[in-house]
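Take a look at the structure below.
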Amino acid sequence: DAKTTQPTSMDCAEGRAANLPCNHSTISGNEYVYWYRQIHSQGPQYIIHGLKNNETNEMASLIITEDRKSSTLILPHATLRDTAVYYCIVFSSGTYKYIFGTGTRLKVLA
Amino acid sequence: DAGVTQSPTHLIKTRGQQVTLRCSPKSGHDTVSWYQQALGQGPQFIFQYYEEEERQRGNFPDRFSGHQFPNYSSELNVNALLLGDSALYLCASSSVREDGELFFGEGSRLTVL
């Protein structure tokens, strides 16, 4: 199973962009990068996903390096409500399962 | 449109007992996955059900079993409870016709005394 490596924790000032890195150096060609976040022991919430190209939605942007060995989730204007644990996951439709790591605990500071 | 619903939200059991947790998937979803999340850890994959069959299983003992019903709802059963089974149990639903996005419920918090 492809694994991901993320920093344990990060701080970000409110209103600034939060850039959360993820290393997935063993990713295979047909595996997607998914990002979820979990707020205070609620169920994880989907944020965004991508295969090769950069992606953007109303919540965030996902930048994937050309060699696909790493990616960065960008929250363009972080708010206090973005304080959560963020999980980067490599997903293969062939295995049907997500492998979560320990994630990055993001704290947005007022 | 109801999302993923789980019951019960909290429960307390003693060692050796058995527990059943229930999950109703999001409308239109046909696949249910179960995860165990210990305090301070990321969710760990238990198993996934599709078409009433267990399609994939994580590294969990046979004490953990499940079932999916024709209406796509699912149950997770844990026998011979151990203290280490105390955790948040998360159910997630998805559809084989869509990308791999999972929709999670709020979880069932199990405490084993």
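From first to last, the protein sequence lines stand for chains S and Y.
Here the first sequence stands for residues 1079 to 1188, where the numbers follow this note's numbering.
Here the second sequence stands for residues 59 to 171, where the numbers follow this note's numbering.
All residues carry an ideal CB built from backbone N, CA and C; glycine is no exception.
Residues are counted here when their Cβ sits less than 9 angstroms from a Cβ of chain Y; for the segment 1120 to 1146 of chain S these are Gln-1120, Gly-1121, Pro-1122, Gln-1123, Tyr-1124 and His-1127, given in chain order. The distance from the Cβ of Ala-150 of chain Y to that of Leu-141 of chain Y is about 25 angstroms, inconsistent with a contact at the 8 angstroms cut-off. In the structure shown, Leu-1158 of chain S adopts helical secondary structure according to DSSP, grouped into three states. By a beta-carbon distance limit of 8 angstroms, Val-170 of chain Y does not contact Thr-89 of chain Y. Their separation comes to about 28 angstroms. With three or more CB-CB distances shorter than 8 angstroms, the segment 1107 to 1122 of chain S counts as touching the segment 1160 to 1169 of chain S. Under the DSSP assignment, Ile-104 of chain Y falls in the beta strand (DSSP E) whose first and last residues are 102 to 108.
Contacts between Arg-113 of chain Y and chain S, judged by CB atoms closer than 7 angstroms, involve Tyr-1174 in chain order.
Gly-142 of chain Y carries a helical assignment under DSSP once its states are collapsed to helix, strand and coil.
Contact between the segment 1138 to 1157 of chain S and the segment 60 to 74 of chain Y is not established, with fewer than three Cβ pairs separated by less than 8 angstroms. At a Cβ-Cβ threshold of 7 angstroms, Thr-1082 of chain S and Gly-1172 of chain S do not count as neighbours. DSSP places Pro-1099 of chain S inside the beta strand (DSSP E), whose first and last residues are 1096 to 1101. Burial is judged here by how many other beta carbons sit within 10 angstroms of a residue's own beta carbon; Val-154 of chain Y has fewer than 16 and is exposed.
Residues of chain Y whose Cβ lies closer than 7 angstroms to the Cβ of Ser-1171 of chain S are, in chain order, Gly-158. CA-CA distance, Gly-165 of chain Y to Gly-1107 of chain S, rounds to 33 angstroms. By the 16-neighbour rule on beta-carbons within 10 angstroms, Thr-1182 of chain S is buried. Here DSSP, grouped into helix, strand and coil, assigns Gly-1128 of chain S to strand. Within 10 angstroms of the beta-carbon of Leu-79 of chain Y lie 16 or more other beta-carbons, which makes it buried.
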